[in-house]
Structures are given as C-alpha cells and as structure tokens.
Amino acid sequence: MSGDIDERILSGQSWTEFCRTIEQAGNILMREQAPATVFDRGEGIRYLSRLTRAFLESSIEYSNPDFPALRQLAHETVKIGADNPDNVYLSATVAGDRDYRIRGQRGSIFYFSIGSKANRYAIDGTMASTGELKGEDLILGADGAVEIIASATPKPGNWLPLAADSTLLVVRQSYLDRATEKPGSYTIECIGAPKAPPPLDAAALDEALRKAAMGVMGTAFIFAQWTELFMTRPNELPDWGQEMFQKAGGDPEIFYLHGYWQLAPDEAWVIETRVPDCPYWNFQINNWWLESLDYRFHKIWVNKHTARLNPDGSVTLVIAARDPGFGNWIDTAGHDRGAALLRWVGASEHPLPTAKVVKIP
1 MSGDIDERIL SGQSWTEFCR TIEQAGNILM REQAPATVFD RGEGIRYLSR LTRAFLESSI
61 EYSNPDFPAL RQLAHETVKI GADNPDNVYL SATVAGDRDY RIRGQRGSIF YFSIGSKANR
121 YAIDGTMAST GELKGEDLIL GADGAVEIIA SATPKPGNWL PLAADSTLLV VRQSYLDRAT
181 EKPGSYTIEC IGAPKAPPPL DAAALDEALR KAAMGVMGTA FIFAQWTELF MTRPNELPDW
241 GQEMFQKAGG DPEIFYLHGY WQLAPDEAWV IETRVPDCPY WNFQINNWWL ESLDYRFHKI
301 WVNKHTARLN PDGSVTLVIA ARDPGFGNWI DTAGHDRGAA LLRWVGASEH PLPTAKVVKI
361 P
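Using full-length UniProt numbering, you'd call the opening residue of the sequence shown number 1 and step up by one each time.
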C-alpha cells in the first residue's frame with residue numbers, strides 16, 4: 001500500500017485526480033436551473049475558487065486533530081451556505097477519541113454557541129450535530145474568561161460532548177451591533193498530544209487532496225440543490241422543514257426560513273412579518289450560489305438591532321435595486337435574482353412572513 005501511495009505522489013497522480021475532481025465540480029455552473037448569465041456564472045466560478053482555497057487550507061494545513069486551530073473558514077471572501085453577515089465563524093478539526101481544551105475571553109459580542117459536528121460534506125453533504133453548548137449556559141470567570149472541555153466523557157464545568165464520529169468544532173458568534181461589540185478570542189489544544197506534528201506523510205497528503213476536492217464537490221452540489229428547491233416557490237419565505245438545514249450543520253437554536261427572489265429593475269420584494277420574542281433575528285439576501293452578498297459595501301441584511309419596526313411591532317423588509325423610501329431597504333447589490341434567509345434565534349414562536357412583489361418608481 002505504501003508503495004502505491006508513493007507512486008501516486010511521485011507520478012503526480014494525486015494532484016491530477018484532485019484537479020479532475022475540481023473540474024467536475026464545475027458542472028454545477030451548467031445545471032439546467034442555474035442562471036446562464038455572464039454575471040451569475042462568473043460569480044459561480046469565483047465561488048468555486050473560494051471553496052477550493054478554503055478546502056485546500058483546511059484539509060492540508062489544519063487537518064491534524066492532534067494540533068487543531070480555531071480559524072475562520074467562512075468570512076468576507078469565503079462564503080458558504082448562506083453565511084451570516086453578523087457572524088464570526090470559527091472551526092477546528094478534532095477527533096472523537098481525544099479530549100480538547102478551549103480557552104479564551106467571551107468578549108461582548110451578543111450571541112455565542114459552540115458545537116461538535118460529524119462533517120460529511122465530502123461524502124454526502126451533511127454535517128450532523130454531535131454536541132452543543134450555548135452561551136447562556138457557559139460558566140465564566142470573573143474577567144469573562146472561558147474554559148471548555150470537549151470530550152466523549154462528561155467533564156465538570158463547561159463540557160462540550162464529542163461522539164465517536166465527531167470531526168469538527170464550530171463556534172458561532174453573532175453581532176447585534178458591530179460598532180460596539182467585541183468578539184471573543186479563543187485557542188484550542190488537544191490534551192495529551194505530542195509536542196510536534198510529524199513530517200509530511202505521503203498517505204496523509206494524498207488523502208487530504210482527495211478530501212479537499214470532494215469537499216468542494218459536495219458543498220457546491222448540496223447548496224445548488226437547495227437553491228433549486230427554493231426556486232419552486234419564488235418570492236416567498238416558506239418553512240421547508242428544519243431537518244435539511246440541521247443536517248447541513250445548522251445551529252439547533254435557529255429556525256431557518258429560506259427563499260428565492262427574482263426581480264425586474266422596477267420591482268421590489270416586500271416582506272412583512274410579526275417579530276417573535278427572541279434574543280436575535282436577522283434577514284439577508286444571497287446570490288444563486290448561496291453566498292451572502294458583499295456586506296462590506298452594501299446593506300444586504302438587517303437584524304434585531306438595526307431594523308426599524310412598524311408601530312405594531314411588526315417589520316417590513318423591502319428588497320430592491322434602489323431605496324424605495326419605505327420599510328427596511330435591502331440592497332440587491334447589482335443582482336436581479338438570488339436566495340434569501342430569515343433566522344429566528346431562540347424564538348418563542350416562528351411566524352411565517354407574507355411576501356409580495358410590487359412596482360417602485
């Protein structure tokens with residue numbers, strides 16, 4: 001077996017197969033329901049390049065569960081599965097048969113959760129939860145210090161369960177107000193790990209390249225399927241059932257309402273809903289590939305803190321290419337179609353919005 005792996009590296013076959021799989025991932029660009037415009041297909045190509053960059057880094061540089069690091073997989077220039085503009089996402093590779101210590105400062109950011117996952121994106125596009133710990137359940141030190149033990153067996157204090165098939169830790173931190181809140185900072189160590197990682201191993205590299213390529217393929221495929229489902233009920237925000245979103249790694253505290261929109265230049269998508277009693281909610285729009293639009297430069301989302309409510313406590317969201325002068329305007333940022341997501345987090349109930357398309361001046 002070792003000889004076979006050595007030959008794959010020496011001949012370049014490992015790299016060739018990686019490149020071929022990435023090429024096959026490009027088939028999502030040509031799916032029958034994917035928009036066949038230069039703009040949307042260009043965003044699709046950029047999306048695949050971002051996924052490739054992200055999965056190469058996570059699979060090759062940060063894949064050893066003895067030497068984990070909490071790092072941002074999704075951020076301003078890597079966007080996956082309707083990533084939340086309010087979120088700081090951190091993730092680390094782990095193994096279910098090891099114990100881990102996470103240390104840091106809670107910060108002042110509004111929402112915190114940490115979960116262990118069985119990451120099967122490279123296999124079947126799922127990411128099952130194997131343990132969850134919510135911010136309100138954390139025991140904090142006097143100075144806001146946090147220490148969490150992640151393990152298969154229960155531990156005193158802040159304990160995050162692991163399962164035999166756990167492969168990933170995911171930290172979600174959500175802002176209400178980016179201008180005033182400070183995110184937490186965290187480190188992770190494997191308890192009892194060796195002092196240093198071994199030199200590069202041919203078999204590990206071969207497997208890492210395979211996982212990276214299949215991660216790109218699986219991720220691109222599953223979220224294209226989601227968008228195609230949402231397209232069956234355009235300009236609505238229905239409840240599709242929560243199981244599919246939880247299987248893909250969703251936070252159990254979140255109730256997800258996904259939708260698809262398509263508008264002419266003189267049209268607006270107007271969404272109205274009651275707002276339930278909840279610590280946090282937000283709404284955002286995404287492109288066809290389920291990437292959040294560029295929130296660095298465009299107002300493509302709104303949350304509990306930033307939204308202007310109606311006198312009766314409801315909220316009106318207006319998605320359009322230009323500000324129509326009423327409601328909470330969401331800028332389409334040069335797009336004429338895409339996906340959308342409303343999140344109710346820790347809500348006492350889950351109202352379903354009403355939606356309509358109207359003409360604007």
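Even for Gly, the Cβ is constructed at its ideal location relative to N, Cα and C.
Short Cβ contact (7 Å threshold) for residue i with residue j
i	j	result
Arg31	Ala224	yes
Asp331	Lys299	yes
Asn119	Leu169	no
Gly259	Phe230	yes
residue 397	Ile271	Nothing in the structure corresponds to residue 397, since the chain is present only between 1 and 361.
Gly115	Ile139	no
Ala320	Pro265	no
Phe297	Pro197	no
Asp99	Ser166	no
Residue i burial status per 10 Å Cβ neighbour count (16 or more: buried)
i	result
Glu243	exposed
Pro311	exposed
Ser129	buried
Pro161	buried
Thr232	exposed
Glu236	buried
Asn87	buried
Thr180	exposed
Arg308	exposed
Cβ neighbours of residue i in the same chain (closer than 7 Å, five flanking residues each side left out)
i	result
Leu90	Leu70, Arg71, Gln72, Val171 and Tyr186
Own chain partners of residue i with C-beta closer than 8 Å, once the 5 adjacent residues on each side are dropped
i	result
Phe18	Leu209, Arg210, Ala212 and Ala213
Arg53	Val78
Gly135	Arg106, Tyr111, Phe112 and Ser113
Gly44	Ile28, Leu29, Ala34, Trp288 and Trp289
For residue j and residue i, the rounded distance between their alpha carbons
i	j	result
Tyr256	Ala164	28 Å
Phe283	Thr153	38 Å
Ser63	Ala202	14 Å
His350	Leu200	50 Å
Leu314	Val275	It should be pointed out that residue 314 corresponds to Ser in this sequence rather than to Leu. Approximately 6 Å, taken between the alpha carbons.
Val38	Glu23	19 Å
Gly144	Gln262	45 Å
Arg46	Ala220	12 Å
Coil, strand or helix - residue i by DSSP
i	result
Tyr47	helix
Trp15	helix
Gly3	helix
Met214	helix
Gln242	coil
Neighbourhood of residue i by C-beta distance below 6 Å, restricted to the same chain and skipping five residues each side
i	result
Pro279	Gly346
Ile102	Ile148, Tyr186 and Ile188
Asn286	Ala82, Ser292, Gly338 and Ala339
Asn84	none
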